[in-house]
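Under the working numbering, the first residue of the sequence shown is numbered 1, with each subsequent residue one higher. C-beta: ideal position from N, C-alpha, C; glycine also. All values reported here derive from a predicted model rather than from experimental measurement. A short worksheet on the structure shown next.
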Amino acid sequence: MTLADVATADRFVDLAGLLESCEADGFRADFLSWGHYRPEYWRNYWHSHSFHEVCLAYTGEGRFNNGAVQYDIAPGSVFLARPGDVHEIESSRSEPLGIAFWGFTFRPVATDNRPAADPGEPGWWSGLVRTGGPVMSDRVGTLPALITALAAEAAAPVAGYSTTLAALGSTLVVETARAFAVDEDLAVEPVRRDRGLLVVEAMQRHLRDNLSRPITVRDVAAAAHLSERHAERLFNQQTGASIMATLRRLRLELAAQLLLDPSVTVTEVARACGYSDVRPFSTAFRRHYGRTPGEHRRTGGTEFL
């Protein structure tokens with residue numbers, strides 16, 4: 001989504017009464033205003049709010065006066081009036097200003113799952129709570145896409161809209177704050193992912209999801225978008241076992257569990273574990289556990305020494 005799409009998001013105003021609050025990282029935002037101005041001349045004179053008011057210019061030009069400082073507005077400008085900031089906005093007459101705006105309170109709150117956040121700690125929220133921080137930004141990020149998505153959801157709510165709006169609202173608040181945060185407040189420890197481990201986990205999941213079906217190394221490799229050779233080598237490096245050996249183990253572990261249910265026949269257990277016939281299943285089970293499926297069932301899965 002681009003700034004041009006925000007021009008069509010006039011149903012943004014319909015969020016009033018639909019999205020009233022959200023929570024993010026130990027903070028709560030209560031939404032108080034939603035607005036969308038078409039590109040025509042307008043001016044709102046000096047005033048202040050008890051909440052944060054944020055505007056995104058999607059077209060035109062104008063000026064934003066915040067206290068004694070004047071800022072020029074252009075498409076892609078994001079500007080913020082914090083609680084108590086005396087400010088005014090005026091559109092250009094020759095290049096009328098179009099904006100979307102939203103207003104919300106912002107405060108730390110405790111929940112059942114986490115304590116209230118500390119506003120003094122650095123983080124994305126610093127862009128909202130830092131006294132004297134920036135009030136003008138060109139860090140648009142995903143704001144156009146969020147505004148467009150929120151407007152679309154408000155225009156035609158369907159089942160699940162409240163959950164969707166709450167998630168989008170939380171993201172809107174985070175992206176708003178990021179636009180005005182300094183770089184050091186947004187810095188986090190590098191996220192290190194073991195790509196090989198993630199791929200092997202996906203292959204193991206494929207095995208577990210298809211234990212009753214015929215599976216080959218080719219099938220598993222294709223599910224991970226790897227060549228058979230690469231898949232086998234990576235799997236062995238991460239687990240110390242081959243793909244097919246792991247498949248056999250998983251099938252027999254599942255069989256050991258299913259056998260404890262007396263309502264399921266041994267034949268049904270065999271088929272559920274990918275064996276078309278009881279005989280090879282029984283042979284494999286005995287080789288792995290040292291007892292037949294029938295003995296395993298009779299002893300309830302325990303061994304007597």
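For a test of the three-state rule: what should DSSP assign to A245, helix, strand or coil?
As a working mapping, residue 245 is identified with position 245 in the sequence shown. Of the three classes helix, strand and coil, the one that applies to A245 here is helix, per DSSP.
Which of the three DSSP states, helix, strand or coil, is assigned to N65?
Reading the sequence shown from its first residue, position 65 is the one you call residue 65. Here N65 sits in strand by DSSP.
Just grab the DSSP bridge partners of M136 for me.
For the purposes of this step, residue 136 is taken as residue 136 along the sequence shown, with counting starting at 1. DSSP, once it has assigned bridges, lists F79 as partnering M136.
State buried or exposed for M171, treating a residue as buried only when at least 16 other CB atoms are found within 10 Å of its CB.
On the sequence shown, position 171 is the one that residue 171 refers to. Rather than Met, the amino acid found at residue 171 in this sequence is Thr. Buried, by the Cβ-count rule.
Using alpha carbons as the reference points, say which of D138, R139 and P122 lies closest to T131.
Taking the first residue of the sequence shown as position 1, residue 131 is located at position 131. Taking only the C-alpha atoms, the option nearest T131 is P122.
For R233, report the span of its alpha helix (DSSP H) as first-last.
Numbered from its first residue, the sequence shown carries residue 233 at position 233. Looking at the DSSP string, the run of the alpha helix (DSSP H) that includes R233 is E228 to T239.
So what does E90 bridge to, in DSSP terms?
Position 90 of the sequence shown, counted from the start, is the residue given in the question as residue 90. Looking at the DSSP assignment, E90 forms a beta bridge with R43 and R63.
Applying the criterion that 16 or more other CB atoms from any shown protein chain within 10 Å of the CB defines a buried residue, is P280 buried or exposed?
On the sequence shown, residue 280 is found 280 positions in, with the first residue counted as 1. Result: exposed.
Evaluate contact between the segment 218 to 228 and the segment 155 to 165, counting only Cβ atoms and requiring at least three cross-stretch pairs below 8 Å.
These segments do not touch.
Measure the Cβ-Cβ separation of R11 and A151 and say whether it is below 8 Å.
Residue 11 sits at position 11 when you count from the first residue of the sequence shown. Residue 151 sits at position 151 when you count from the first residue of the sequence shown. Cβ distance < 8 Å, so R11 and A151 count as in contact.
Which term fits L197, buried or exposed, when burial requires 16 or more other beta carbons within 10 angstroms of its beta carbon?
Along the sequence shown, one-based indexing puts residue 197 at 197. Exposed, because fewer than 16 other Cβ atoms sit within 10 Å of the Cβ of L197.
Do the segment 282 to 296 and the segment 253 to 263 make contact, defined as three or more Cβ pairs closer than 8 Å?
In short, these stretches touch, since the Cβ pair count reaches three.
Measuring only the C-alpha atoms, how far is F104 from D5?
Here the question's residue 104 lines up with position 104 in the sequence shown. Here the question's residue 5 lines up with position 5 in the sequence shown. Rounded to the nearest angstrom, the two C-alpha atoms are 23 Å apart.
Taking all protein chains shown into account, decide if L305 is buried (16 or more other Cβ within 10 angstroms of its Cβ) or exposed.
Numbered from its first residue, the sequence shown carries residue 305 at position 305. Residue confidence is low: L305 scores 36 on pLDDT, short of 50, so the model does not pin down where it sits. Its coordinate-derived value is still stated next. Exposed: under 16 other Cβ atoms inside 10 Å.
Apart from the five residues on each side of it in sequence, which residues of its chain come closer than 8 Å, Cβ to Cβ, to S242?
The sequence position of residue 242 within the sequence shown is 242, counting from 1. Same-chain partners within the cutoff: E232, F235 and N236.
Starting from F31, trace the alpha helix (DSSP H) both ways and give me its first and last residue.
Indexing the sequence shown from 1 puts residue 31 at position 31. Run containing F31: none in the alpha helix (DSSP H); it sits in the beta strand (DSSP E), F27 to Y37.
What residue does the beta strand (DSSP E) around E23 start on, and which one ends it?
In the sequence shown, the residue the question calls residue 23 occupies position 23. E23 -> beta strand (DSSP E) spans S21 to A24.
For the beta strand (DSSP E) that G103 lies in, which residues bound it at each end?
The sequence position of residue 103 within the sequence shown is 103, counting from 1. Start and end: G98 to P108.
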